[in-house]
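Peer 1:
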Amino acid sequence: MIVVVPVDPPRDGLVLSSLADGSPLTEAEAVSLYEAAVADVCWAVAQSGGDLLLNYRDAETLPEDHTDGDPEAEVRALALDALGEDAEIRFERQVGSSRAARVGNTVTHLLEREGAQSVGVLEPTVPLVDRTEIDGAAMSLRRHEVVLGPSTEGSVYFAGFAEPIDFTDAYATPELSTLARRTSDAGLGVGFAPMLPTVATPAGLRATTAGLEARRAAERPGAEATAALVDELGITVGEGGGLERE
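Residues 41 to 286 in our numbering are what the sequence shown lists, from first letter to last.
#1: Which ranges does the alpha helix (DSSP H) cover as unbroken runs of at least 4 residues, wholly within the region 85-170, from first to last along the chain?
#2: How long is the line joining the alpha carbons of residue 268 and residue 254, rounded to whole angstroms?
#3: Considering Cα atoms alone, identify which of 119, 273, 142, 167 is closest to residue 131.
#4: How many angstroms separate the CA atom of residue 133 from the CA atom of residue 279?
#5: Kindly indicate the opening and closing residues of the beta strand (DSSP E) around residue 283.
#6: Helix, strand or coil: which one does DSSP assign to residue 275?
#7: Is residue 204 helix, strand or coil when you go by DSSP?
#8: For residue 49 and residue 266, what's the separation of their Cα atoms in angstroms?
#9: Quick one, which of 231, 157, 75, 207 has its alpha-carbon nearest residue 173's?
#10: Around the C-beta of residue 224, are 16 or more other C-beta atoms found within 10 angstroms, so that it is buried, or is it exposed?
#11: With a threshold of 6 Å (Cβ to nearest heavy atom), would residue 225 be considered close to the ligand GTP?
#12: Considering residue 188, what are the terminal residues of the beta strand (DSSP E) in which it resides?
#13: Throw me the rounded Cβ distance for the residue 86 and residue 92 pair, which I believe falls under 8 Å.
#14: Can you check which of these residues, 285, 168, 190, is closest to residue 262 by C-alpha distance?
#15: How many angstroms separate the CA atom of residue 135 from the CA atom of residue 53?
#16: I'd like to know whether the C-beta atoms of residue 41 and residue 178 end up nearer to each other than 7 Å.
#17: Figure out for me which residue from 175, 220, 71 has the closest Cα to the Cα of residue 164.
#18: Between 88, 184, 90, 57, which lies nearest to residue 74 when the distance is taken from Cα to Cα?
#19: Note down the Cα distance separating residue 241 from residue 157, rounded to an integer number of angstroms.
#20: In or out: residue 103 buried (at least 16 other Cβ within 10 Å) or exposed?
#21: Residues in its own chain within less than 8 Å of residue 153 by CB, not counting five upstream and five downstream?
#22: Sort out for me which residues DSSP pairs residue 42 with in a bridge.
#23: Are residue 106 and residue 51 touching if we call contact CB-CB under 7 Å?
#24: With 16 other CB atoms within 10 Å as the buried threshold, where does residue 200 fall?
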């Protein structure tokens with residue numbers, strides 16, 4: 041399976057911007073969290089049986105106030121810092137006017153033009169993912185044409201395809217039910233991966249932080265970059281269930 045991770049250049053106001061308003065994090069800290077999550081996701085893919093493809097946004101697909109600089113260089117630096125200069129990573133720019141179009145163009149090209157057996161789109165904001173979920177999804181794609189990984193608030197952290205679907209508005213909220221319906225409309229079978237939170241929303245960050253605390257208590261480490269940053273920032277889940285800073 042080719043595992044596509046769509047990555048934005050890590051910039052203030054571009055990545056995880058909602059966390060600055062709905063969590064104790066500043067915009068700069070949200071960027072650091074994004075970088076840590078990307079590192080953990082890349083590491084998980086590298087440890088799996090999948091082939092890592094980083095699908096980066098460039099000046100043509102970024103918002104107008106983020107078209108400066110070199111997005112590809114920023115994404116390359118982030119990935120290679122996480123995995124090392126000798127890491128086997130494929131970099132391709134995203135093409136399309138919307139998220140659904142960019143995902144659809146990439147998936148369809150890999151399946152139909154390059155003859156990939158399966159393609160998984162893994163969000164860069166799901167640090168708790170590990171190789172077992174990735175390899176399990178790849179196995180499930182041998183039985184189902186589409187495999188979806190549910191996340192918080194009806195979103196998806198993973199969408200795998202052995203056959204392309206109609207991607208027009210396929211990522212409309214709620215993503216999970218929209219993608220499942222689009223798959224069913226195409227007469228294709230859908231399977232589901234285990235649910236995992238992302239850090240893209242305050243709710244997802246709370247769930248991720250709680251998951252990191254549980255893994256620490258169980259002495260089952262993982263998501264090392266994100267865990268280290270959360271510890272450094274003193275982010276915890278308080279007794280009332282909200283995010284707090286020590």
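We put the beta carbon where it would ideally sit given N, CA and C, even for glycine. Computed from a predicted model, the values in this text were never measured in an experiment.
Peer 2: Reading it off the structure:
#1: Qualifying alpha helix (DSSP H) stretches, in chain order: 111-123, 139-148.
#2: Here residue 268 refers to the residue found at position 228 when the sequence shown is read from its first residue. Here residue 254 refers to the residue found at position 214 when the sequence shown is read from its first residue. One C-alpha to the other measures close to 15 Å.
#3: Translated into the one-based positions of the sequence shown, residue 131 becomes position 91. The candidate whose alpha carbon is nearest that of residue 131 is 119.
#4: Indexing the sequence shown from 1 puts residue 133 at position 93. Indexing the sequence shown from 1 puts residue 279 at position 239. Residue 133 and residue 279: Cα-Cα distance of roughly 43 Å.
#5: In the sequence shown, counting from the first residue as 1, residue 283 sits at position 243. First-last of the beta strand (DSSP E) with residue 283: 283-285.
#6: What you label residue 275 is simply residue 235 of the sequence shown in a count that begins at 1. The three-state reading of DSSP puts residue 275 in strand, counting E and B together.
#7: Residue 204 sits at position 164 when you count from the first residue of the sequence shown. Of the three classes helix, strand and coil, the one that applies to residue 204 here is coil, per DSSP.
#8: Start at 1 with the first residue of the sequence shown, and residue 49 comes out as number 9. Start at 1 with the first residue of the sequence shown, and residue 266 comes out as number 226. A straight-line Cα-Cα distance of about 18 Å links residue 49 and residue 266.
#9: By one-based count along the sequence shown, residue 173 stands at place 133. For residue 173, the nearest C-alpha among the options comes from 231.
#10: Start at 1 with the first residue of the sequence shown, and residue 224 comes out as number 184. That one is exposed.
#11: Ligands displayed in this structure: none; no statement on the ligand GTP is therefore possible.
#12: Locating residue 188 in the sequence shown gives position 148, where the first residue counts as 1. Counting along the chain, residue 188 sits inside the beta strand (DSSP E) bounded by residues 186-190.
#13: Indexing the sequence shown from 1 puts residue 86 at position 46. Indexing the sequence shown from 1 puts residue 92 at position 52. The distance from the Cβ of residue 86 to that of residue 92 is about 6 Å, consistent with a contact at the 8 Å cut-off.
#14: Indexing the sequence shown from 1 puts residue 262 at position 222. Answer by Cα proximity: 168.
#15: Here the question's residue 135 lines up with position 95 in the sequence shown. Here the question's residue 53 lines up with position 13 in the sequence shown. Those two C-alpha atoms are separated by around 22 Å.
#16: The sequence position of residue 41 within the sequence shown is 1, counting from 1. The sequence position of residue 178 within the sequence shown is 138, counting from 1. Closer than 7 Å, so yes.
#17: What you label residue 164 is simply residue 124 of the sequence shown in a count that begins at 1. It is 71 whose Cα lies nearest to the Cα of residue 164.
#18: Within the sequence shown, the letter at position 34 stands for residue 74. Nearest C-alpha to residue 74 among 88, 184, 90, 57: 57.
#19: The residue labelled residue 241 in the question sits at position 201 within the sequence shown. The residue labelled residue 157 in the question sits at position 117 within the sequence shown. Rounded to the nearest angstrom, the two C-alpha atoms are 32 Å apart.
#20: Within the sequence shown, the letter at position 63 stands for residue 103. Burial is judged here by how many other beta carbons sit within 10 angstroms of a residue's own beta carbon; residue 103 has fewer than 16 and is exposed.
#21: Locating residue 153 in the sequence shown gives position 113, counting from the first residue. Excluding sequence neighbours, residue 153 sits near nothing in its chain.
#22: Within the sequence shown, the letter at position 2 stands for residue 42. Under DSSP, residue 42 takes part in a beta bridge, and its partners are 91, 159.
#23: If you number the sequence shown from 1, residue 106 lands on position 66. If you number the sequence shown from 1, residue 51 lands on position 11. Yes, Cβ-Cβ distance for residue 106 and residue 51 is below 7 Å.
#24: Here residue 200 refers to the residue found at position 160 of the sequence shown. By the neighbour-count criterion, in which 16 or more other beta carbons inside 10 Å mark a residue as buried, residue 200 falls on the buried side.
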